[in-house]
Amino acid sequence: MATAATARLILFVALVTGSSGSAWAAQKKEDVAAAPAIHALRPMVGSGGDLGVSCDSWRLAVEANNKRNWKTVPASCEDYVGHYMLGKQYRRDSAAVVDEAVAYAEGLELAGNGTEVWVFDIDETSLSSLPYYAKHGFGTKLYNATSFNEYVLEGSALVLPETQRLFRKLISLGIKPVFLTGRTEDKRAITVANLCHQGYSGWMELLLKPVGFKGTAIAYKSGERLKLQDAGYIIVGNMGDQWSDILGVPEGGRTFKLPDPLYYIG
Ligand SMILES: *[C@@H]1O[C@H](CO)[C@@H](O)[C@H](O)[C@H]1NC(C)=O
Ligand SMILES: *[C@@H]1O[C@H](CO)[C@@H](O)[C@H](O)[C@H]1NC(C)=O
Ligand SMILES: [Mg+2]
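Residues -25 to -1, 1 to 241 in mature numbering (1 follows the signal peptide of the UniProt record, and there is no 0) are what the sequence shown spells out, letter by letter.
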């Protein structure tokens, strides 16, 4: 496909330069000389050419919550998502979110009496399941609760360093971190061990979902945030990788969405 496009460009140049020797043609030639580099940035990776799905467009739609209730990453985007997650862009995108969150937290006028809290999701927010997803097609395969639970119970999920940077900054500012996760209560011990092993300490609470909870993620998480608020806490910030982490009243003073093109939780 790259070759065909390049051939089309060369043909275009030949036609343009053949039809006139003008400065315009010379300019065109210069533009085209720069074109291969631009072309290399075109994110049509692994798709069926011009008519295929743009994985970049797919990811943007996912991150903006325009695309919802999807079950798997498009098969044609497996390489794209893999490169995104394992390359520098995922880390850069996460850093950009955390930079904003740090600036926001630093700018807050705090009561200074220990009532301000910040809610963090766990998976793909505080800890990364990327080693699991790298072995299972980067989200292109249907979610398998059995094998994913086995992975969680290993307690080997990795730290997400940008989130940890924010976490530590908040503690230094006197804002108390609260973990609020869709992981169920029976995974408390392994979750604590995993968090500690990855360098987290000093959180105020770890809220896990009751086993057998029937509602949606939004209902569960906003319900827990309401309990925090009713107990007198002020949720100044809320960070997650899913829109279901940050939608639902009370959302928190400000919400921050981390990238996650691997899976969708409604
Ligand atoms: C903390 O300070 C805020 C702002 O001054 C006040 O509204 C709140 O009642 C205080 N809470 C406690 C528990 O002292
Ligand atoms: C899900 O994972 C389990 C445990 O690894 C495996 O035995 C099972 O075959 C998987 N199910 C599917 C549908 O792939
Ligand atoms: Mg998550």
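Quick reminder that beta carbons are idealized off the backbone N, C-alpha and C, glycines included.
Segment contact flag, the stretch 88 to 106 with the stretch 200 to 219, C-beta cutoff 8 Å, min 3 pairs: yes
Pair within 8 Å by beta-carbon distance, residue 102 and residue 133: yes
Residue ranges of each alpha helix (DSSP H) within the stretch 78 to 114, 4 or longer: 105 to 110
Residues near ligand 2, criterion Cβ-heavy atom distance below 6 Å: 119, 121 and 122
Short Cβ contact (8 Å threshold) for residue 177 with residue 139: no
Residue 206: CB within 7 Å of a non-hydrogen atom of ligand 1: no
Inter-residue spacing [alpha-carbon to alpha-carbon] between residue -10 and residue 29: Confidence at residue -10 is low in this model, with a pLDDT of 34, below 50, so its placement is unreliable and the value that follows should be read with caution. Their Cα atoms are separated by approximately 30 Å.
For residue 226, three-class secondary structure by DSSP: coil
Contact under 8 Å by Cβ, residue 181 with residue 77: no
Residues passing the C-beta test against ligand 3 heavy atoms, cut-off 6 Å: 96, 98, 99, 100, 215, 216 and 217
Identity of the residue in 184, 205 and 203 nearest residue 195 by Cα: 184
Inter-residue spacing [alpha-carbon to alpha-carbon] between residue 109 and residue 86: 44 Å
Residue 230 Cβ short of 7 Å to ligand 4 heavy atom set: For the structure depicted, ligand 4 is absent and the ligand set comprises only ligand 1, ligand 2 and ligand 3.
Helix, strand or coil at residue 238 according to DSSP, with G and I counted as helix: coil
Cβ separation of residue 243 and residue 115, assumed to be a contact under 8 Å, to the nearest whole Å: This structure does not reach residue 243, given that the chain is present from -25 up to 241, and the question cannot be answered.
Distance CB(residue 238)-CB(residue 44) smaller than 8 Å: no
Collapsed DSSP secondary structure at residue 214 in the structure displayed: strand
Contact test: residue 192 Cβ vs ligand 1 heavy atom, cutoff 7 Å: no
Ordered list of alpha helix (DSSP H) runs contained in the stretch 167 to 205, each at least 4 residues: 192 to 205
Close Cβ partners of residue 235 (< 7 Å) along its chain, the five nearest in sequence each way excluded: 99, 216 and 217
Coil, strand or helix - residue 232 by DSSP: strand
Residue 135 - DSSP class collapsed to helix/strand/coil: coil
beta-carbon residue 213 near ligand 1 non-hydrogen atom, thresh 7 Å: no
Straight-line Cα distance separating residue 73 from residue 170: 19 Å
Identity of the residue in 168, 69 and 158 nearest residue 187 by Cα: 158
Euclidean distance between Cα positions of residue 275 and residue 229: This structure cannot speak to residue 275, because the chain is shown only from -25 to 241.
Beta-carbon proximity check, residue 135 vs residue 69, cutoff 8 Å: yes
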